[in-house]
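Participant:
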Amino acid sequence: MIKGAVAARYAQALFDVARDNNRIAETENELRGFMRLLDESRDLQQVLYNPQVPVELKKEIVREAFGKELSGTTLNFLCLVLDRRREVYLKGIADHFIALANETRNIIEAEVTSALELSVVHKVNLMQVLSRMTGKELRIRYQVDPDIIGGLVVRLGDRIIDGSIKRQLERLKDSIRETKVG
432 MIKGAVAARY
442 AQALFDVARD
452 NNRIAETENE
462 LRGFMRLLDE
472 SRDLQQVLYN
482 PQVPVELKKE
492 IVREAFGKEL
502 SGTTLNFLCL
512 VLDRRREVYL
522 KGIADHFIAL
532 ANETRNIIEA
542 EVTSALELSV
552 VHKVNLMQVL
562 SRMTGKELRI
572 RYQVDPDIIG
582 GLVVRLGDRI
592 IDGSIKRQLE
602 RLKDSIRETK
612 VG
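Note that the sequence shown covers residues 432 to 613 in the numbering used here.
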């Protein structure tokens, strides 16, 4: 089974339990918090992702470190993932769960990359345009990347809209290469 399919199945199972218990938002917040801490802690990564570390020790560490912050459902789910040796799928599971939660609430996550910081007015206008385009509420994360030279790159879920000057220059260069002279 491919990596995305494994993560999707686990995420769907957790989502079903969270929905049945009316705890989608709580579970989503717990997963986001857990993944943020996992991303920030090299030590935790080295323990959880190391196949040499016994599963029982991994579970004990997770229970000790997160037992007071996580609900029983989320904690038990993480232990199940560890029992099944699926810890390499944790990020994918969290991403899929968040996507399912967003779909339920008619929300789409977007990422907007610009060469310069966008003004508040530009951000509001862009949010309105993207919301009309998708018919959904948006959660937008903005980032600055001077390498795109100008314009915007927008990621809406799985779609990418590349309106950057860098991409336009690449297309122009490609068309010049393809043009036959004489």
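Backbone N, C-alpha and C define an ideal beta-carbon position, used for all residues, glycine too.
How would you write the range of the beta strand (DSSP E) that isoleucine 579 sits in, first residue to last?
Facilitator: Within the sequence shown, the letter at position 148 stands for residue 579. Run containing isoleucine 579: none; DSSP gives neither H nor E here.
Participant: Please state if the CB of serine 545 and the CB of isoleucine 591 are separated by a distance shorter than 9 Å.
Facilitator: Numbered from its first residue, the sequence shown carries residue 591 at position 160. Numbered from its first residue, the sequence shown carries residue 545 at position 114. Going by C-beta atoms, isoleucine 591 is not nearer than 9 Å to serine 545.
Participant: Ends of the beta strand (DSSP E) at aspartate 593?
Facilitator: Within the sequence shown, residue 593 is the residue found at index 162, counting from 1. Residues 590 to 595.
Participant: Give me the Cα-Cα distance between valine 478 and arginine 494, rounded to the nearest whole angstrom.
Facilitator: Residue 478 sits at position 47 when you count from the first residue of the sequence shown. Residue 494 sits at position 63 when you count from the first residue of the sequence shown. So the two alpha carbons sit approximately 14 Å from each other.
Participant: DSSP state of threonine 544, grouped into three classes?
Facilitator: Counted from its first residue, the sequence shown places residue 544 at position 113. Threonine 544 falls in the strand class under three-state DSSP.
Participant: So the alpha helix (DSSP H) lysine 489 belongs to, where does it begin and stop?
Facilitator: Residue 489 sits at position 58 when you count from the first residue of the sequence shown. Annotation: the continuous alpha helix (DSSP H) that includes lysine 489 extends over 486 to 497.
Participant: How big is the Cα-Cα spacing for leucine 569 and asparagine 533?
Facilitator: Along the sequence shown, read from residue 1 onward, the residue named residue 569 stands at position 138. Along the sequence shown, read from residue 1 onward, the residue named residue 533 stands at position 102. Straight-line Cα distance between these residues: approximately 10 Å.
Participant: In three-state DSSP terms, what is arginine 572?
Facilitator: Position 141 of the sequence shown, counted from the first residue, corresponds to residue 572. It is a strand residue.
Participant: With a Cβ-Cβ cutoff of 9 Å, do glutamate 540 and alanine 530 count as a contact?
Facilitator: The count along the sequence shown starts at 1 and reaches residue 540 at position 109. The count along the sequence shown starts at 1 and reaches residue 530 at position 99. If you check the CB distance, glutamate 540 and alanine 530 come in under 9 Å.
Participant: By the 10 Å Cβ neighbour count, where 16 or more other Cβ atoms means buried, how is valine 543 classified, buried or exposed?
Facilitator: By one-based count along the sequence shown, residue 543 stands at place 112. By the 10 Å Cβ count, valine 543 comes out buried.
Participant: Look up arginine 515 in the DSSP assignment and say whether it is helix, strand or coil.
Facilitator: Locating residue 515 in the sequence shown gives position 84, counting from the first residue. Note: arginine 515 maps to coil in three-state DSSP.
Participant: Taking C-alpha atoms, which residue in Gly503, Val551 and Ser562 lies nearest to leucine 573?
Facilitator: Walking along the sequence shown from the start, residue 573 turns up at place 142. Strictly speaking, residue 573 in this sequence is tyrosine, with leucine absent from that position. The option with the nearest alpha carbon to tyrosine 573 is Val551.
Participant: Taking buried to mean at least 16 other C-beta atoms within 10 Å of its own C-beta, is isoleucine 524 buried or exposed?
Facilitator: The residue given as residue 524 occupies position 93 in the sequence shown. That one is buried.
Participant: Cα separation between threonine 458 and lysine 604?
Facilitator: To locate residue 458, count along the sequence shown from 1; it is residue 27. To locate residue 604, count along the sequence shown from 1; it is residue 173. Whole-angstrom Cα-Cα distance: 48 Å.
Participant: Under a three-way DSSP split, which group does leucine 587 fall into?
Facilitator: To locate residue 587, count along the sequence shown from 1; it is residue 156. Strand.
Participant: In its own chain, which residues sit with a C-beta less than 6 Å from the C-beta of valine 484, not counting the 5 before and 5 after it?
Facilitator: Position 53 of the sequence shown, counting from 1, holds the residue named residue 484. Around valine 484: Val478.
Participant: Assuming histidine 527 contacts alanine 438 (C-beta within less than 8 Å), just tell me the rounded distance between them.
Facilitator: Sequence index remark: in the sequence shown, residue 527 carries index 96 (1-based). Sequence index remark: in the sequence shown, residue 438 carries index 7 (1-based). With a contact defined as Cβ atoms closer than 8 Å, histidine 527 and alanine 438 qualify at about 5 Å.
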